[in-house]
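Colleague:
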Amino acid sequence: MAINFITILFFLPLLAINVNAQGPVTYDITKYGTNKAPLELQVQGTLQANPNPGQLPDNKGEWITINYVNYFTLSGGGVFDGQGQQAWKQNDCHKNRNCAKLPMNLSFNFINNSIIQDVTTKDSKNFHVNCISSHNVTFRRFTISAPGDSPNTDGIHLGRDTMINIVDSIIKTGDDCISIGDETKELHIQNVTCGPGHGISVGSLGGYAEEKDVQGIYVKNCTFIGTQNGVRVKTWPSAPATLTVSDLHFEDLIMDNVSSPIIIDQEYCPHNLCKKDRPSSIKISNVSIKNVRGTTNSAEAVIFCSGLKPCENVEVGDIDLTYTGNQGPITTKCANVKPKFVGKQNPPVCATTAQSA
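Take the sequence shown: its letters are residues -21 to -1, 1 to 336, numbered as in mature numbering (1 follows the signal peptide of the UniProt record, and there is no 0).
Have a look at this one:
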């Protein structure tokens, strides 16, 4: 069942239902009250998607969509349950870029000056949240819940957004807790707990020629628990896009048994889905990584920048990571980058120079 809220301005004081319709349903919620901003949609209770992904028409990629709203609040303590267990068995999007679309729980498109707070998205068939072309949106006390082995279930995916805040939230999922797409600018992530999941990722970037610059990403006071990665920047080699990624700031981060706490990988090519005949054409600059502490179960960290456009102005300070495995000590490998070091370095960063494209 697909739900589309097709109004620009609305107020709905209470939505507390279990949705079990067998086909798509569209609600024009201007019928429920005023059509003047500011607007609030309160969800109290649980909305359940049809567990069968084939019930969505025309390969539709969203379950619930909020489009073209201004001064909007989504709240109420309710749960959006995507019931994705059946669909996960069919999901190969993590290794097939031309995969069939499975529905995301929540999609926000072209919304401005809005707040999403005190709601939960659970067991999405695909991404939990997709936020595109939006401005000045805050996710606060937002909860995402899915098993660590649920495929392609990014928590919050952003693209072409400006001034987004994600604060005081808990994200447990099977892919990136937060994934940051192209043309994202002025993103602030603070007091977020991530895990299980794949961490917070800038990218992957460069897979499409029309991609645009990413600038101003701030991740502060976040905790990563049992995640595959902590903070990560990933770009494709032989990328058709030429863009810059600048002003990335990762600070005051706690790692709890994280496999790869810090990664810059400009040779990102999962499942051999790309060519590696030339380096990434994406420029990364003005990066700070400060006060990262905790434990890691991996003996190696990497900062692999592009041989075509080396990273510039990278500062690494006050790193204190303890290795919990049996293959130690921890080593870091770097390529095409000359960081500035400040404060404690445990392990020594860029102790090994690696050959990179």
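All C-beta atoms in this analysis are idealised placements derived from N, C-alpha and C, irrespective of residue type, glycine included.
Quick check: what's the CA-CA separation for I143 versus I135?
Modeller: Along the sequence shown, read from residue 1 onward, the residue named residue 143 stands at position 164. Along the sequence shown, read from residue 1 onward, the residue named residue 135 stands at position 156. When rounded, the distance between both Cα atoms is 11 angstroms.
Colleague: How many angstroms separate the CA atom of K317 from the CA atom of G286?
Modeller: Here residue 317 refers to the residue found at position 338 of the sequence shown. Here residue 286 refers to the residue found at position 307 of the sequence shown. Roughly 13 angstroms separates the two Cα atoms.
Colleague: On the DSSP bridge list, what partners appear for L166?
Modeller: Taking the sequence shown and counting its residues from 1, one reaches residue 166 at position 187. I143 and I196.
Colleague: Using C-beta distances below 6 angstroms, list every residue in its chain close to S54, excluding the 5 sequence neighbours before and after it, in chain order.
Modeller: For the purposes of this step, residue 54 is identified with residue 75 of the sequence shown, where counting begins at 1. Result list for S54: Q21, Q96 and D97, in chain order.
Colleague: Ignore the nearest five residues each way along the sequence and tell me which others in A330's own chain have a CB closer than 7 angstroms to its CB.
Modeller: Residue numbering aside, residue 330 sits at position 351 when the sequence shown is read from its first letter. Excluding sequence neighbours, A330 sits near T310 and T311.
Colleague: Tell me whether L81, by its Cβ, gets closer than 6 angstroms to a heavy atom of the ligand COA.
Modeller: In terms of ligand content, the structure shown is empty, and the ligand COA therefore cannot be addressed.
Colleague: Starting from W42, follow the alpha helix (DSSP H) in both directions and report where the run begins and ends.
Modeller: For the purposes of this step, residue 42 is identified with residue 63 of the sequence shown, where counting begins at 1. Not the alpha helix (DSSP H): W42 falls in the beta strand (DSSP E), residues E41 to N46.
Colleague: Expressed to the nearest angstrom, what Euclidean distance is found between the alpha-carbon atoms of F(-17) and F203?
Modeller: Position 5 of the sequence shown, counted from the start, is the residue given in the question as residue -17. Position 224 of the sequence shown, counted from the start, is the residue given in the question as residue 203. Confidence in F(-17) is poor, its pLDDT being 44 and thus under 50, which makes the residue's placement unreliable; the coordinate value appears in the next sentence. Spanning the two alpha carbons is a distance of roughly 34 angstroms.
Colleague: From A280 to I242, what distance separates their C-alpha atoms?
Modeller: Indexing the sequence shown from 1 puts residue 280 at position 301. Indexing the sequence shown from 1 puts residue 242 at position 263. Between A280 and I242, the C-alpha separation is close to 7 angstroms.
Colleague: Inspect the beta-carbon positions of N115 and N91 and report whether they are closer than 7 angstroms.
Modeller: Here residue 115 is taken as the residue at index 136 of the sequence shown, counted from 1. Here residue 91 is taken as the residue at index 112 of the sequence shown, counted from 1. Yes; because the gap between Cβ atoms is below 7 angstroms, this pair is in contact.
Colleague: Report all residues from its chain with a CB closer than 6 angstroms to the CB of K319; omit the five preceding and five following residues, and keep chain order.
Modeller: Locating residue 319 in the sequence shown gives position 340, where the first residue counts as 1. The answer, listed in chain order, is E294.
Colleague: Given N200, which residues of its chain have a CB within under 7 angstroms of its CB, disregarding the five upstream and five downstream residues?
Modeller: Here residue 200 is taken as the residue at index 221 of the sequence shown, counted from 1. The residues are Q169, N170 and D231.
Colleague: Given a cut-off of 7 angstroms, decide if G153 and G178 are closer than it, judged by their beta-carbon atoms.
Modeller: As a first step, residue 178 must be located in the sequence shown, where it is residue number 199. As a first step, residue 153 must be located in the sequence shown, where it is residue number 174. Result no, Cβ atoms of G178 and G153 do not sit closer than 7 angstroms.
Colleague: With the cut-off set at 7 angstroms, would you say residue 342 and G182 are in Cβ contact?
Modeller: Residue coverage of the chain in this structure runs from -21 to 336, which leaves residue 342 outside it and unanswerable.
Colleague: Taking the beta carbon of H107 as the centre, do at least 16 other beta carbons fall within 10 Å, making it buried, or is it exposed?
Modeller: Taking the first residue of the sequence shown as 1, we reach residue 107 at position 128. A residue is called buried once 16 or more other Cβ atoms fall within 10 Å of its Cβ, and H107 is buried on that count.
Colleague: Spell out the partners DSSP gives D60 in its beta bridges.
Modeller: Along the sequence shown, one-based indexing puts residue 60 at 81. For D60, which the question treats as bridged, DSSP gives the partners Q27 and K101.
Colleague: Using DSSP's beta-bridge definition, name the partner residues of N109.
Modeller: Locating residue 109 in the sequence shown gives position 130, counting from the first residue. According to DSSP, which records beta bridges pairwise, N109 is partnered with S86 and H136.
Colleague: Around the Cβ of N251, are there at least 16 other Cβ atoms within 10 angstroms (buried) or fewer (exposed)?
Modeller: Locating residue 251 in the sequence shown gives position 272, where the first residue counts as 1. It counts as exposed.
Colleague: May I have the straight-line CA-CA distance separating K74 from K164, to the nearest angstrom?
Modeller: The sequence position of residue 74 within the sequence shown is 95, counting from 1. The sequence position of residue 164 within the sequence shown is 185, counting from 1. One C-alpha to the other measures close to 28 angstroms.
Colleague: On the criterion of 16 or more Cβ atoms from any shown chain inside 10 Å, does Q64 qualify as buried, or is it exposed?
Modeller: Counting from 1 along the sequence shown, the entry for residue 64 is found at position 85. Label assigned to Q64: exposed.
Colleague: Compare the beta carbon distance of P240 and L166 with 7 angstroms and say whether it is the shorter of the two.
Modeller: Residue numbering aside, residue 240 sits at position 261 when the sequence shown is read from its first letter. Residue numbering aside, residue 166 sits at position 187 when the sequence shown is read from its first letter. No, the pair does not count as a contact, with Cβ atoms beyond the cut-off.
Colleague: How big is the Cα-Cα spacing for W42 and S103?
Modeller: Within the sequence shown, residue 42 is the residue found at index 63, counting from 1. Within the sequence shown, residue 103 is the residue found at index 124, counting from 1. Using only the alpha carbons, I get a separation of about 9 angstroms.
Colleague: Would you call D256 buried or exposed, if buried means 16 or more other Cβ atoms sit within 10 Å of its Cβ?
Modeller: As a first step, residue 256 is located in the sequence shown; it is residue number 277 there, counting from the start. The residue is exposed, with fewer than 16 neighbouring Cβ atoms inside 10 Å.
Colleague: Between A28, S264, S113 and F229, which lies nearest to Q245 when the distance is taken from Cα to Cα?
Modeller: Numbered from 1 along the sequence shown, position 266 holds the residue referred to as residue 245. Out of A28, S264, S113 and F229, S264 has the C-alpha closest to the C-alpha of Q245.
Colleague: Near P289, what residues of its chain come up, given a Cβ to Cβ distance below 7 angstroms and the 5 sequence neighbours on each side ignored?
Modeller: Position 310 of the sequence shown, counted from the first residue, corresponds to residue 289. In its chain, beyond the 5 residues on either side, N315 and V316 have a beta carbon closer than 7 angstroms to the beta carbon of P289.
Colleague: Give the secondary structure of N251 by DSSP, where H, G and I count as helix, E and B as strand, and everything else as coil.
Modeller: Here residue 251 refers to the residue found at position 272 of the sequence shown. Correct three-state label for N251: helix.
Colleague: Residues in its own chain within less than 6 angstroms of Y197 by CB, not counting five upstream and five downstream?
Modeller: Within the sequence shown, the letter at position 218 stands for residue 197. The residues are H167 and H228.
Colleague: Hey, L26 and F51: beta-carbon distance below 7 angstroms or not?
Modeller: As a position in the sequence shown, residue 26 is number 47, starting the count at 1. As a position in the sequence shown, residue 51 is number 72, starting the count at 1. For L26 and F51, no; Cβs fall outside 7 angstroms.
Colleague: Can you tell me the Cβ-Cβ gap for D161 and L222, rounded? I've got them flagged as a contact below 8 angstroms.
Modeller: Stepping through the sequence shown from its first residue, residue 161 is reached at position 182. Stepping through the sequence shown from its first residue, residue 222 is reached at position 243. D161 to L222, Cβ: 7 angstroms. Contact.
Colleague: In terms of residues, what are the limits of the beta strand (DSSP E) holding V224?
Modeller: Working through the sequence shown from its first residue, we reach residue 224 at position 245. Looking at the DSSP string, the run of the beta strand (DSSP E) that includes V224 is T223 to V237.
Colleague: Around the Cβ of E189, are there at least 16 other Cβ atoms within 10 angstroms (buried) or fewer (exposed)?
Modeller: Stepping through the sequence shown from its first residue, residue 189 is reached at position 210. E189 should be labelled exposed.
Colleague: Around the Cβ of A79, are there at least 16 other Cβ atoms within 10 angstroms (buried) or fewer (exposed)?
Modeller: As a working note, residue 79 is residue 100 in the sequence shown. By the neighbour-count rule (16 or more Cβ atoms within 10 Å), A79 is not buried but exposed.
Colleague: Would you say Q207 and S238 are within 7 angstroms of each other, going by their C-beta atoms?
Modeller: For the purposes of this step, residue 207 is taken as the residue at position 228 of the sequence shown. For the purposes of this step, residue 238 is taken as the residue at position 259 of the sequence shown. Closer than 7 angstroms, so yes.
Colleague: Output needed for T172: all residues of its chain with C-beta closer than 6 angstroms, excluding positions within five of it in sequence on either side, in chain order.
Modeller: Counting from one through the sequence shown, the residue named residue 172 turns up at place 193. Answer for T172: I149 and T202, listed in chain order.
Colleague: In angstroms, rounded to a whole number, what distance separates the CA positions of G205 and V271?
Modeller: Residue 205 sits at position 226 when you count from the first residue of the sequence shown. Residue 271 sits at position 292 when you count from the first residue of the sequence shown. Cα to Cα, the separation comes out at about 15 angstroms.
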